[in-house]
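Protein chains in written order, with this note's numbering: chain A, 258 to 386; chain B, 397 to 879; chain C, -2 to 450. Cβ coordinates follow ideal geometry from the N, Cα and C atoms, glycine included. To keep things clear, I will list the structure first and then write my remarks on it.
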Amino acid sequence: MNIHPNYFYSKNDEWVSVEGNKATIGISDYAQDSLSDIVFVEISVSVGDSLAAEDNIGTIESVKAASDIYTPVAGTVSEINNKVVDSPELLNRDPFGEAWLIKLSSDTGFDTSHLMDADAYRKYCEDRG
Amino acid sequence: MDATEKTIFELSATGRKGFRFPSPDVPSSDLPESLQRKDLPLPELSEVDVVRHYTRLSRLNYSLDNGMYPLGSCTMKYNPKICEKAARISAFANLHPLQPIESVQGAVLILYEMQIILQEISGFPACSLTPAAGAQGEFGGVKMIAASLRDRGETQRKIMLIPDSAHGTNPASSVMSGFECLAVRTDERGNIDLNDLTSKCNERLAGIMITNPNTLGLFDENIVEVIRIVHQAGGLVYGDGANMNALLGIVKPAELGFDVMHFNLHKTFATPHGGGGPGAGAICCTEQLKAYLPGPIADILEEATEEVPPLYGYRMPEKSIGMLRSFWGHFGIIVRAYCYCMMLGAEGLRRVAEYATLNANYLMEALKQDYPLPYDRTCMHEFVLDVKWPDAPGIRALDVAKRLMDYKFHPPTNYFPLIIHEALMIEPTETESKETLDDFIKAMKTIAREARENPELLHQAPTETPFGRMDEVKAARDLKIAE
Amino acid sequence: MFIPHTDADRESMLAAIGKKDLNELFDVVPEKYRFPKLNLQPGLTEPEVTFLLDEISSANLSLDHTACFTGAGAYHHYIPAAIDNLISRGDFYTAYTPYQPEISQGTLQAVYEYQSLMARLTGMEAANASHYDGATACAEAGVLAYHQYHGKRKKILVSAGLHPHYLLTLKTYLQDFDGMQIECPKATSLDEISPEKLEEKIDMDTALVLVQYPDFFGQIQDFSELAKAVHEKGALLCVCINPIALGLLKTPGEMGADIVVGEGQPLGIPLSYGGPYLGIFTTRKELIRKVSGRIVGETVDNRGQRAYVLTLTAREQHIRREKATSNICSNQSLNALTAAIYLSLLGRDGLRAVAKLCYDKAHYAAKEISKIHGYRILNQRPFFHEFVVSCPQPPSDINQHLLDHGMIGGYDLSEEYPMLGNAMLIAVTEMINKEDIDDLCEMLKEGEHHGRH
């Protein structure tokens, strides 16, 4: 199971990568593996929306399950990845790279203190089995 | 050999005529052109085409008339043919729901009598037959709880407790009535965990939805205590009666303390599943809740005298949650259930529960040697196995299910309840003979052996059926749901 | 009765599980409540129950030899003989839900074909495997609209032309759910039931506008302008249809509807005193993931054969549980099969023919009735096969007179719709002959004379 070393992780298996005042959000390899073949992605927020941490940003559906996705951090939506909406299978192939979901911007930076780092997340996943 | 059957659109040929109507016996009237549709893209087939097409399709189906469906929670018992005949009696099938009440007394009588029968079986004093299905029965029952709490001024009670073994319709129905769902743990004996339950009973408790016996097929050893705890905290108790087949004549749920309960006529009362419906539901409840029942409800409007029979009709309960669907209910299904109950009588109903439970325990005893049994105590009408073999780790419940089809059995329910990861929920019902059960046991034991000796047989299964495993990902991704 | 076990079977099975008798199986039930007496009649044999049911049914007046002029959401149509013949096949009616597609292709393909037929009939792109009836289909449209706007739009605007049972059912489902309000502007006449009246009330809080076509009173109206007004405010338009009418009429799809629902009973399903019926539900393709209920999709199996499966199941209650958009579990599978067979038998020409027969006979009846002194047709707009008649006496009296002469009159509107006066709703289908209509007119004239005494 892959875990990107520099990202932060939520208990709901979302990751966030921070670069200055921009953050990128996606779901982890553990998440895409649990869902198995992903058939549909719905992003329910739009560019310009102001989000609080843990706001719902969409749904990911596979053949056997459907999962709500929440943003781990607060910010304003600056970009939506239409490629992954058009080709949901990207999430199974490259969850940390090409299959990012949304980008946020924030002048005051992002609060990741309540999130897990890569090591903590690895342990979290191992404990779950 | 390809088992595919063409679609009616592929079979269609321009100019082919099927059914013909008589010529009009009145003058033609004009319809304004702006309101006319331009084309009507329906297929054109002859009657022979249609009959052959659907006959061939029917042959691709497994069905109860074909063999056993050991589907836990579904109660796939034999559908008596006399019940089919009953529903087709012209003076039942060819009645308009809005005919003058005097011209349908026989129909309302059946609705009224069926209400009485269900009340007697369940121990409740009131019943509504308007739900179109079990899920509607649930929705209605939960709404009744919501309405009752609102009338009591207790709208802060928003939590509905739901055992972690529950059917998905339970939380879905609760949410649709405005409740928040909170899970209650099942303990190692398969009972509701009393400590967990007690910790979750407070002034925000609206109630609990209980299936008893539960989806593990187990009668809760503390059921009376569970209900008492919830009542004491001010909550109401909803009963999911999907598993009533185990309780007919064995216990009356109302006496255990339930407040409101739904029943599935297409499970316990033998009406056919029709490939997925139509079914029918019923809601029974206590004196305190009966004003909230969905309506209209069949009743005697004028008592019988020496000369005339009673006048049957309808009334809407004073604080009814409303109508769940149009007209009076699934009358066509209720006629079948009524016919079934009249044939069984009190003794026959009790035999159903006795033999359903005997059959389930017989299978459980035979199969627990080969399949892990998470809860090893006398079950009711169904039981759950967990397909977890340390010496065949690659085999999952799905594989066993698929391989059973090669042995000409419909698989049991799998992956439910969620608390057992590789669950096979088995409910034979009382209408299966010892011979059929022995064949099933033999097949299951063979599959357990194949899992170790030749697992590919399971992974590739089914191979003896007209169609093999489906590409479900393709179905969802390349969504094509209409031709 | 249907339990095959012999005494020997029972004994050997009890021995195998280590129980001495059947009662021991129920030791877990508290003794206080165990084995209650059921106060029910003893069981009957097949001949006895046949006799009983004959007796009971003799108290009913079937439509076999009785002309019926009542519609109001359920219609007496001819059911081709091939239908019952096919749906009586045990492979269809005793089959379970097709969760194991490898052995359920009969049901799955039939439902796929049903979905396709409904989409084509209504002029829409997607259909589900059916809801319980027209009323619950309307309710599910309301539920869809609620989820479409994430609960932020609270208003459902309903035409006064919607079947009263459907409005009641919609209210049971959604009134006061998370603040939802169902608004139905009152009408004091048939004329007031118009799209323009609804347009005035649409605002940015409206999730769904629901109209019926033809409406409860038989009126046909074009909703194209209404659709534009609804979309301008970002809401959804749902049209509730009669499927026979769509054999002739412009489709709601053409008008711009987002959702089309309706009662499928007229498509070969017996009247059966009110149920089970068939809830038609079709939508534009963008809405398909918000649609509740079962959906069958096309795919291939691992042998390369085209096949069908239940799809998009992740939306449903058994997976999403409390996050499911609806709790619905079953569909009306056997009735959907019936509708598909009906439309396959009739085909394009057949459906057009039956629709035209209904239309022509209804218009003949309306013309003849309007000639009778004291009777007036209230419909000003075009109607399909139902119309409202204003009568010189209470409809209940007229219907009593008709019933005494072996005929079922129209639906009495006077209690539920007092603003229409002594009005009744008359439906005419292809099952009514010219003689029946002429007889009806004779009796109305007769009755009118009686009423004057």
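Taking the beta carbon of E318(A) as the centre, do at least 16 other beta carbons fall within 10 Å, making it buried, or is it exposed? buried
Quick one: using the 10 Å Cβ neighbour count with 16 as the cut-off for buried, is V446(B) buried or exposed? buried
So that I know if they touch, is there some Cβ in chain B lying closer than 9 Å to that of D294(A)? yes
Can you tell me whether M472(B) is buried or exposed? The criterion is at least 16 other CB atoms within 10 Å of its CB, across all chains shown. buried
For a minimum of 3 consecutive residues, which ranges assigned as the beta strand (DSSP E) are wholly contained in the region 411 to 461 of chain B? none
With a threshold of 9 Å between beta carbons, is R581(B) in contact with chain A? no
Rounded C-beta distance between A136(C) and Y170(C)? I'm assuming under 8 Å. 4 Å
Mind checking who W272(A) pairs with in its DSSP beta bridge? Y266(A) and G283(A)
Assign L875(B) to buried or exposed, taking buried as 16 or more other Cβ atoms, counted over all protein chains shown, within 10 Å of its Cβ. buried
Comparing the C-beta of R848(B) with each C-beta of chain C, is any distance below 9 Å? no
Please compile the residues from chain A whose C-beta is within a distance smaller than 7 Å of the C-beta of V869(B). D294, V296 and V320
CB-CB under 6 Å to P857(B), same chain, minus the five flanking residues each way: which ones, in chain order? Residue identity check: residue 857(B) is Ala in the sequence provided, not Pro. Correct list, in chain order: K798, R799 and D802.
Cβ of P352(A) less than 9 Å from any chain B Cβ? no
Please confirm if the region 827 to 839 of chain B is in contact with the region 776 to 787 of chain B, defined as three or more CB-CB distances below 8 Å between the two stretches. no
Counterpart residues of E295(C) in DSSP-defined beta bridges: Y305(C)
Which of helix, strand or coil does DSSP assign to R581(B)? coil
Check this for me: beta carbons of M177(C) and F278(C), under 9 Å apart or not? no
Return the residue from the list R373(C), F23(C) and S269(C) that minimises the CA-CA distance to D61(C). S269(C)
First and last residue of the uninterrupted alpha helix (DSSP H) at G507(C): In the structure as shown, chain C begins at -2 and stops at 450. Residue 507(C) is therefore absent and cannot be evaluated.
In the DSSP assignment, what residue or residues form a beta bridge with Y634(B)? M605(B) and V656(B)
Whole-angstrom C-beta distance between I256(C) and L334(C), which should lie under 8 Å: Contact doesn't hold; Cβ gap of about 23 Å is too wide.
Drop a sphere of 10 angstroms on the beta-carbon of Q532(B), count the other beta-carbons inside from all chains shown, and report buried for 16 or more, exposed for fewer. buried
Which two residues bound the contiguous beta strand (DSSP E) that contains K152(C)? K152 to V155
How about E346(A): is its C-beta nearer than 9 Å to some C-beta of chain B? yes
In the DSSP output, which residue or residues are listed as bridge partners for D782(B)? A819(B)
Output the distance between the C-alpha atoms of Y264(C) and T582(B), rounded to the nearest integer angstrom. Checking the displayed sequence, the identity of residue 264(C) turns out to be Leu instead of Tyr. Cα to Cα, the separation comes out at about 47 Å.
Checking contacts by CB at 9 Å: is A819(B) closer than that to chain A? no
Report the rounded CA-to-CA distance for A13(C) versus L505(B), giving the unit in angstroms. 45 Å
Spatial neighbours of A352(C) within its chain, please: CB distance less than 7 Å, with the 5 preceding and 5 following residues excluded, ordered by chain position. I241, A242, G244 and L245
List the whole-angstrom C-beta distance separating G637(B) from A529(B), where the pair is believed to meet the contact cut-off of C-beta under 8 Å. Their Cβ separation, rounded to whole angstroms, is 13 Å, which puts G637(B) and A529(B) out of contact at 8 Å.
Using a 10 Å radius around the Cβ and a threshold of 16 neighbouring Cβ atoms, would you call F48(C) buried or exposed? exposed
Give the secondary structure of L643(B) by DSSP, where H, G and I count as helix, E and B as strand, and everything else as coil. coil
Should K358(C) and I434(C) be called a contact, given that it needs their Cβ atoms to be closer than 9 Å? yes
Compare the C-alpha of K477(B) against each of M428(C), S393(C) and G87(C) and name the closest. G87(C)
Nearest-angstrom Cα separation, counted from L22(C) out to L456(B): 39 Å
Relative to the C-alpha of T166(C), which residue among K364(C), G139(C) and Q38(C) is closest? G139(C)
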